[in-house]
Amino acid sequence: MPDDHVYGVRLFVPGAAATMAQWQGSLGRSGLTLDGQSLTSQNLGFRALAEWVENDGSFSQAFGHGTMSVEEQHAVAAAGSALVLDLPVYLGAAAGEVAMLIAALGDAGALGVRLEQSKLGWPVTRWIRGLESGDPWMLYRCAVVVLQDRGVSRSCGMHAFGLPDAQVEAPPSEANQILGSFNVYQLAEDPVLVSGDTFRPDLDTPRRRLERWPDGGYPPGHACHNPFGTWRLGTEGGEADSRSELRPVFIPSLVAVLTAAEEEAGRHLRREEVERLTSEGVCMMMTHADAQQLERSRGYADLEPELAWSQWQVLRESQG
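Structure (C-alpha coordinates):
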(Lines of atoms letter the chains of each structure in order from A and count residues from 1; the text may use other names and numbers.)
(Lines give C-alpha, C1' and ligand atoms only; values in the text may rest on other atoms or scores of the structure.)
Protein backbone atom coordinates (compact mmCIF):
# COMPACT_ATOMS: atom_id res chain seq x y z
CA MET A 1 0.00 0.00 0.00
CA PRO A 2 1.59 3.35 -0.97
CA ASP A 3 2.64 5.76 1.77
CA ASP A 4 1.19 9.17 0.90
CA HIS A 5 2.41 10.98 4.00
CA VAL A 6 4.59 14.06 3.62
CA TYR A 7 7.63 13.57 5.83
CA GLY A 8 8.49 17.10 6.88
CA VAL A 9 11.16 16.46 9.54
CA ARG A 10 14.28 14.29 9.38
CA LEU A 11 16.34 13.71 12.52
CA PHE A 12 19.82 12.23 12.85
CA VAL A 13 20.13 10.65 16.30
CA PRO A 14 23.45 9.14 17.47
CA GLY A 15 23.21 7.03 20.59
CA ALA A 16 24.98 4.64 22.91
CA ALA A 17 23.33 1.57 21.35
CA ALA A 18 25.64 -0.21 18.90
CA THR A 19 23.12 -2.51 17.22
CA MET A 20 19.51 -2.40 16.09
CA ALA A 21 18.66 -4.91 18.83
CA GLN A 22 20.22 -2.65 21.48
CA TRP A 23 18.24 0.32 20.15
CA GLN A 24 15.05 -1.75 20.28
CA GLY A 25 15.71 -2.68 23.89
CA SER A 26 16.56 0.82 25.11
CA LEU A 27 13.71 2.43 23.14
CA GLY A 28 11.27 -0.13 24.48
CA ARG A 29 12.18 0.83 28.03
CA SER A 30 11.44 4.45 27.05
CA GLY A 31 7.97 3.64 25.71
CA LEU A 32 8.92 3.50 22.02
CA THR A 33 8.58 0.56 19.66
CA LEU A 34 11.18 0.14 16.93
CA ASP A 35 9.78 -2.48 14.57
CA GLY A 36 11.63 -3.01 11.33
CA GLN A 37 11.66 0.37 9.61
CA SER A 38 9.17 2.20 11.82
CA LEU A 39 9.17 3.85 15.23
CA THR A 40 5.89 4.20 17.12
CA SER A 41 4.56 5.02 20.56
CA GLN A 42 1.14 5.09 22.18
CA ASN A 43 1.88 8.68 23.17
CA LEU A 44 2.60 9.86 19.61
CA GLY A 45 0.05 10.58 16.92
CA PHE A 46 2.34 9.49 14.10
CA ARG A 47 4.57 6.68 12.86
CA ALA A 48 8.16 7.64 12.09
CA LEU A 49 10.27 5.90 9.49
CA ALA A 50 13.54 4.62 10.97
CA GLU A 51 16.90 3.66 9.50
CA TRP A 52 19.85 2.28 11.49
CA VAL A 53 23.26 3.80 10.64
CA GLU A 54 26.66 2.42 11.63
CA ASN A 55 29.19 4.85 13.15
CA ASP A 56 31.64 5.51 10.31
CA GLY A 57 33.76 7.93 12.33
CA SER A 58 32.03 11.08 11.05
CA PHE A 59 29.33 11.48 13.69
CA SER A 60 31.11 14.21 15.66
CA GLN A 61 31.47 16.30 12.49
CA ALA A 62 27.68 16.44 12.30
CA PHE A 63 27.70 18.37 15.57
CA GLY A 64 30.80 20.48 14.99
CA HIS A 65 29.20 23.91 14.53
CA GLY A 66 29.58 25.24 18.05
CA THR A 67 26.28 23.86 19.26
CA MET A 68 27.78 21.24 21.58
CA SER A 69 30.49 21.25 24.22
CA VAL A 70 33.77 19.44 23.58
CA GLU A 71 32.71 16.69 26.01
CA GLU A 72 29.38 16.24 24.24
CA GLN A 73 31.13 16.03 20.87
CA HIS A 74 33.52 13.39 22.21
CA ALA A 75 30.53 11.35 23.38
CA VAL A 76 28.94 11.62 19.92
CA ALA A 77 32.23 10.57 18.29
CA ALA A 78 32.16 7.41 20.41
CA ALA A 79 28.48 6.65 19.69
CA GLY A 80 27.61 3.05 19.06
CA SER A 81 25.42 3.88 16.05
CA ALA A 82 22.61 6.22 15.02
CA LEU A 83 19.04 6.28 13.84
CA VAL A 84 17.73 8.46 11.02
CA LEU A 85 14.07 9.25 11.66
CA ASP A 86 11.60 10.71 9.17
CA LEU A 87 8.54 12.23 10.84
CA PRO A 88 5.25 12.80 8.94
CA VAL A 89 4.74 16.18 10.63
CA TYR A 90 6.05 19.74 10.54
CA LEU A 91 7.72 21.41 13.49
CA GLY A 92 5.53 24.05 15.05
CA ALA A 93 2.13 22.41 15.07
CA ALA A 94 3.71 19.15 16.25
CA ALA A 95 6.32 20.75 18.53
CA GLY A 96 4.91 19.09 21.66
CA GLU A 97 4.91 15.62 20.16
CA VAL A 98 8.42 16.05 18.72
CA ALA A 99 9.64 17.23 22.14
CA MET A 100 8.09 14.13 23.70
CA LEU A 101 9.81 11.93 21.12
CA ILE A 102 13.21 13.57 21.63
CA ALA A 103 12.85 13.24 25.42
CA ALA A 104 12.16 9.51 25.03
CA LEU A 105 15.14 9.19 22.68
CA GLY A 106 17.28 10.87 25.32
CA ASP A 107 16.08 8.39 27.93
CA ALA A 108 17.04 5.63 25.49
CA GLY A 109 20.64 6.87 25.24
CA ALA A 110 20.50 9.46 22.44
CA LEU A 111 23.60 11.67 22.60
CA GLY A 112 22.21 14.53 20.51
CA VAL A 113 19.77 15.28 17.71
CA ARG A 114 20.51 16.95 14.37
CA LEU A 115 17.77 18.41 12.18
CA GLU A 116 18.78 17.34 8.69
CA GLN A 117 16.84 20.15 6.99
CA SER A 118 19.34 22.69 8.34
CA LYS A 119 22.17 20.43 9.62
CA LEU A 120 21.83 22.03 13.07
CA GLY A 121 22.56 19.59 15.88
CA TRP A 122 21.98 20.20 19.60
CA PRO A 123 21.96 18.26 22.86
CA VAL A 124 18.65 16.60 23.70
CA THR A 125 17.91 19.06 26.51
CA ARG A 126 18.29 22.07 24.20
CA TRP A 127 15.80 20.63 21.74
CA ILE A 128 13.26 19.89 24.45
CA ARG A 129 13.61 23.40 25.86
CA GLY A 130 13.20 25.00 22.43
CA LEU A 131 10.24 22.87 21.38
CA GLU A 132 8.37 23.27 24.68
CA SER A 133 9.11 26.97 25.13
CA GLY A 134 6.38 28.35 22.90
CA ASP A 135 8.95 31.01 21.96
CA PRO A 136 9.23 31.24 18.15
CA TRP A 137 12.63 32.97 18.39
CA MET A 138 14.07 30.11 20.45
CA LEU A 139 12.65 27.53 18.07
CA TYR A 140 13.96 29.48 15.07
CA ARG A 141 17.48 29.58 16.51
CA CYS A 142 17.32 25.83 17.21
CA ALA A 143 16.21 24.86 13.71
CA VAL A 144 17.29 27.44 11.12
CA VAL A 145 20.66 28.69 9.89
CA VAL A 146 21.53 31.71 7.73
CA LEU A 147 24.06 31.27 4.92
CA GLN A 148 25.92 33.99 3.04
CA ASP A 149 27.05 33.81 -0.57
CA ARG A 150 28.29 36.71 -2.71
CA GLY A 151 26.37 39.38 -0.84
CA VAL A 152 23.12 37.40 -0.57
CA SER A 153 22.00 35.94 2.76
CA ARG A 154 19.46 33.13 2.84
CA SER A 155 17.92 31.02 5.56
CA CYS A 156 17.93 27.24 5.51
CA GLY A 157 15.60 24.96 7.47
CA MET A 158 12.17 26.59 7.32
CA HIS A 159 10.76 23.65 5.34
CA ALA A 160 10.83 21.69 8.61
CA PHE A 161 7.88 23.94 9.51
CA GLY A 162 6.20 23.58 6.11
CA LEU A 163 7.28 27.12 5.21
CA PRO A 164 9.46 28.77 2.55
CA ASP A 165 12.91 30.06 3.43
CA ALA A 166 13.89 33.65 2.66
CA GLN A 167 16.79 35.53 1.13
CA VAL A 168 17.86 39.16 0.95
CA GLU A 169 20.76 41.16 -0.44
CA ALA A 170 22.09 43.28 2.44
CA PRO A 171 25.12 43.50 4.75
CA PRO A 172 25.30 40.30 6.90
CA SER A 173 24.26 41.87 10.21
CA GLU A 174 21.31 43.66 8.61
CA ALA A 175 20.37 40.56 6.63
CA ASN A 176 20.35 38.41 9.78
CA GLN A 177 18.01 40.85 11.45
CA ILE A 178 15.66 41.06 8.45
CA LEU A 179 15.58 37.30 7.84
CA GLY A 180 15.15 36.53 11.53
CA SER A 181 12.24 38.95 11.86
CA PHE A 182 10.59 37.71 8.68
CA ASN A 183 10.96 34.01 9.44
CA VAL A 184 9.86 34.35 13.07
CA TYR A 185 6.85 36.28 11.77
CA GLN A 186 6.09 33.24 9.60
CA LEU A 187 6.47 30.92 12.60
CA ALA A 188 4.52 33.02 15.07
CA GLU A 189 1.66 34.24 12.87
CA ASP A 190 1.51 31.70 10.02
CA PRO A 191 0.41 34.49 7.66
CA VAL A 192 -1.01 33.84 4.21
CA LEU A 193 1.60 35.51 2.01
CA VAL A 194 1.70 35.75 -1.79
CA SER A 195 4.12 37.20 -4.28
CA GLY A 196 3.58 40.94 -4.45
CA ASP A 197 3.06 41.39 -0.71
CA THR A 198 5.56 43.48 1.26
CA PHE A 199 7.33 43.12 4.60
CA ARG A 200 9.28 45.29 7.01
CA PRO A 201 10.62 44.21 10.42
CA ASP A 202 9.64 47.48 12.13
CA LEU A 203 8.04 50.84 11.46
CA ASP A 204 11.39 52.56 10.91
CA THR A 205 12.53 50.17 8.15
CA PRO A 206 11.43 50.55 4.51
CA ARG A 207 9.25 47.79 3.09
CA ARG A 208 10.59 45.15 0.74
CA ARG A 209 8.49 43.42 -1.89
CA LEU A 210 8.17 39.64 -1.66
CA GLU A 211 8.44 37.24 -4.56
CA ARG A 212 8.50 33.46 -4.14
CA TRP A 213 10.90 31.38 -6.20
CA PRO A 214 11.93 27.72 -6.21
CA ASP A 215 14.91 26.85 -4.03
CA GLY A 216 17.94 26.89 -6.31
CA GLY A 217 20.47 26.41 -3.52
CA TYR A 218 20.11 22.65 -3.10
CA PRO A 219 18.91 19.97 -5.54
CA PRO A 220 15.54 18.28 -5.00
CA GLY A 221 16.02 15.22 -2.83
CA HIS A 222 18.71 16.90 -0.72
CA ALA A 223 17.61 17.27 2.91
CA CYS A 224 18.38 21.01 2.79
CA HIS A 225 16.32 21.62 -0.37
CA ASN A 226 13.19 23.56 0.54
CA PRO A 227 10.30 22.24 -1.58
CA PHE A 228 8.24 25.28 -0.53
CA GLY A 229 10.74 27.59 -2.17
CA THR A 230 12.34 30.83 -1.03
CA TRP A 231 10.90 34.29 -0.48
CA ARG A 232 13.08 36.82 -2.26
CA LEU A 233 12.94 40.11 -0.40
CA GLY A 234 13.50 42.92 -2.88
CA THR A 235 15.22 46.25 -2.49
CA GLU A 236 14.08 48.80 0.06
CA GLY A 237 11.03 50.83 -0.86
CA GLY A 238 9.06 48.14 -2.66
CA GLU A 239 5.33 48.64 -3.06
CA ALA A 240 2.70 45.93 -2.66
CA ASP A 241 0.63 44.64 -5.56
CA SER A 242 -3.13 44.51 -5.27
CA ARG A 243 -4.34 41.08 -4.23
CA SER A 244 -7.48 39.30 -5.46
CA GLU A 245 -9.56 37.16 -3.11
CA LEU A 246 -9.02 34.00 -5.17
CA ARG A 247 -6.05 32.54 -6.99
CA PRO A 248 -5.78 29.89 -9.71
CA VAL A 249 -4.27 26.61 -8.49
CA PHE A 250 -3.09 24.10 -11.08
CA ILE A 251 -4.62 20.62 -10.74
CA PRO A 252 -2.35 18.68 -11.20
CA SER A 253 0.45 21.05 -10.27
CA LEU A 254 2.32 22.88 -13.00
CA VAL A 255 5.55 21.29 -11.74
CA ALA A 256 4.02 17.84 -12.27
CA VAL A 257 2.71 18.78 -15.74
CA LEU A 258 6.07 20.13 -16.94
CA THR A 259 8.00 17.23 -15.43
CA ALA A 260 5.77 14.70 -17.19
CA ALA A 261 6.05 16.62 -20.48
CA GLU A 262 9.86 16.61 -20.35
CA GLU A 263 9.95 12.91 -19.50
CA GLU A 264 7.66 12.15 -22.45
CA ALA A 265 9.68 14.35 -24.82
CA GLY A 266 13.01 13.01 -23.58
CA ARG A 267 14.50 16.50 -23.66
CA HIS A 268 14.23 19.95 -22.09
CA LEU A 269 11.09 21.85 -22.98
CA ARG A 270 11.39 25.01 -25.04
CA ARG A 271 10.03 28.31 -23.76
CA GLU A 272 7.02 28.29 -26.04
CA GLU A 273 6.15 24.76 -24.86
CA VAL A 274 6.31 25.75 -21.19
CA GLU A 275 4.17 28.80 -21.86
CA ARG A 276 1.62 26.77 -23.84
CA LEU A 277 1.31 24.12 -21.12
CA THR A 278 0.94 26.87 -18.55
CA SER A 279 -1.82 28.63 -20.47
CA GLU A 280 -3.63 25.35 -21.19
CA GLY A 281 -3.33 23.95 -17.65
CA VAL A 282 -6.45 23.07 -15.65
CA CYS A 283 -6.89 25.36 -12.65
CA MET A 284 -9.20 25.56 -9.67
CA MET A 285 -9.93 28.92 -8.06
CA MET A 286 -9.13 28.87 -4.34
CA THR A 287 -8.72 31.32 -1.53
CA HIS A 288 -5.09 32.01 -0.71
CA ALA A 289 -5.50 30.23 2.65
CA ASP A 290 -6.94 27.08 1.03
CA ALA A 291 -4.15 27.13 -1.57
CA GLN A 292 -1.60 27.31 1.25
CA GLN A 293 -3.13 24.28 3.01
CA LEU A 294 -3.19 22.29 -0.24
CA GLU A 295 0.48 23.11 -0.78
CA ARG A 296 1.45 21.82 2.67
CA SER A 297 -0.55 18.62 2.29
CA ARG A 298 1.09 18.06 -1.11
CA GLY A 299 4.54 18.81 0.26
CA TYR A 300 5.81 21.40 -2.23
CA ALA A 301 5.03 24.76 -3.81
CA ASP A 302 4.02 25.15 -7.42
CA LEU A 303 5.44 27.64 -9.92
CA GLU A 304 4.07 31.15 -10.28
CA PRO A 305 2.18 31.13 -13.63
CA GLU A 306 3.52 34.56 -14.67
CA LEU A 307 7.09 33.41 -13.99
CA ALA A 308 6.71 29.78 -15.06
CA TRP A 309 9.52 29.76 -17.64
CA SER A 310 12.13 31.47 -15.44
CA GLN A 311 11.18 29.48 -12.35
CA TRP A 312 11.20 26.21 -14.28
CA GLN A 313 14.81 26.97 -15.26
CA VAL A 314 15.74 27.41 -11.58
CA LEU A 315 14.15 24.09 -10.69
CA ARG A 316 15.72 22.29 -13.63
CA GLU A 317 19.19 23.72 -12.99
CA SER A 318 19.01 22.71 -9.33
CA GLN A 319 18.37 19.13 -10.45
CA GLY A 320 21.79 19.13 -12.15
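Using the working numbering, you'd call the opening residue of the sequence shown number 15 and step up by one each time. Ideal placement from N, C-alpha and C gives every residue a C-beta, glycine not left out. Given the structure is predicted, the values throughout are model-derived calculations rather than measurements.
Original post:
Count the other CB atoms within 10 Å of the CB of H239; is the residue buried (16 or more) or exposed (fewer)?
Top reply: Residue 239 sits at position 225 when you count from the first residue of the sequence shown. Per the 10 Å Cβ criterion, buried.
Subject >> Paired residues, beta bridge with T292 - DSSP >> reply: As a position in the sequence shown, residue 292 is number 278, starting the count at 1. According to DSSP, which records beta bridges pairwise, T292 is partnered with nothing at all.
Original post:
According to the neighbour-count rule (16 or more other Cβ atoms, all chains shown, within 10 Å of its Cβ), is E250 buried or exposed?
Top reply: Against the sequence shown, residue 250 aligns to sequence position 236. The residue is exposed, with fewer than 16 neighbouring Cβ atoms inside 10 Å.
Subject >> For L48, the three-state DSSP class (helix, strand or coil) >> reply: Taking the sequence shown and counting its residues from 1, the one referred to as residue 48 is at position 34. Under the three-state reduction of DSSP output, L48 falls in the strand class.
Subject >> Sheet register partners of T212 (DSSP bridge) >> reply: Here residue 212 is taken as the residue at index 198 of the sequence shown, counted from 1. Beta bridge pairing from DSSP links T212 with R223.
**OP:** Inspect the CB distances between the stretch 126–145 and the stretch 78–91 and report whether three or more fall short of 8 angstroms.
**Re:** Yes, the stretch 126–145 touches the stretch 78–91.
Subject >> Boundaries (first-last residue) of the beta strand (DSSP E) holding D100 >> reply: Within the sequence shown, residue 100 is the residue found at index 86, counting from 1. Segment 95–101, the beta strand (DSSP E) holding D100.
**OP:** Within its chain, find whatever has a CB closer than 6 angstroms to the CB of V90; leave out the 5 residues flanking it on each side and keep chain order.
**Re:** Locating residue 90 in the sequence shown gives position 76, where the first residue counts as 1. Closer than 6 angstroms at the Cβ level, and outside the excluded window around V90, lie P28, F73, S74, F77, L125, G126.
**OP:** Report the option in L260, L329, A64, H19 whose CA atom is closest to the CA atom of V103.
**Re:** By 1-based counting over the sequence shown, the position of residue 103 is 89. Each of L260, L329, A64, H19 was checked against the Cα of V103, and the nearest Cα belongs to H19.
Subject >> Spatial distance of A92 from A117 (CA atoms) >> reply: In the sequence shown, the residue the question calls residue 92 occupies position 78. In the sequence shown, the residue the question calls residue 117 occupies position 103. Cα to Cα, the separation comes out at about 21 angstroms.
Original post:
Which residue's Cα is closest to the Cα of H156: R128, P178, G165, S167?
Top reply: For the purposes of this step, residue 156 is identified with residue 142 of the sequence shown, where counting begins at 1. Contrary to the premise, residue 156 reads as Cys rather than His in this sequence. Of R128, P178, G165, S167, the residue nearest in Cα terms is R128.
Subject >> For V206, the first and last residue of its enclosing beta strand (DSSP E) >> reply: Stepping through the sequence shown from its first residue, residue 206 is reached at position 192. First-last for V206: undefined, no H or E at that position.
Original post:
How far does the alpha helix (DSSP H) with T139 in it reach, from first residue to last?
Top reply: The residue you call residue 139 lines up with position 125 of the sequence shown. 138–146 is the span of the alpha helix (DSSP H), which, as asked, contains T139.
**OP:** Determine the extent of the beta strand (DSSP E) in which T301 is found, giving its start and end residues.
**Re:** For this step, residue 301 is matched to residue 287 along the sequence shown. DSSP places T301 inside the beta strand (DSSP E), whose first and last residues are 297–301.
**OP:** Can you say whether R226 is buried or exposed, counting buried as having 16 or more other CB atoms within 10 angstroms of its CB?
**Re:** Here the question's residue 226 lines up with position 212 in the sequence shown. A residue is called buried when at least 16 other Cβ atoms come within 10 angstroms of its Cβ; R226 meets this threshold and is buried.
**OP:** Quickly, what does DSSP pair A122 with across the bridge? List them, please.
**Re:** Counted from its first residue, the sequence shown places residue 122 at position 108. Paired residues: none, contrary to the question.
Subject >> Residues bridged to D179 (per DSSP) >> reply: Locating residue 179 in the sequence shown gives position 165, counting from the first residue. Within the DSSP bridge table, the entry for D179 names T244 as partners.
**OP:** Inspect the beta-carbon positions of F175 and G243 and report whether they are closer than 8 angstroms.
**Re:** Taking the sequence shown and counting its residues from 1, the one referred to as residue 175 is at position 161. Taking the sequence shown and counting its residues from 1, the one referred to as residue 243 is at position 229. Not closer than 8 angstroms, so no.
**OP:** Establish whether the CB of M34 and some CB of chain D are separated by less than 8 angstroms.
**Re:** Among the chains of the structure shown, chain D does not appear; only one protein chain is present.
Subject >> Stretch pair the stretch 250–266 + the stretch 201–216: three plus CB contacts closer than 8 angstroms >> reply: Flag = yes, the stretch 250–266 and the stretch 201–216 touch.
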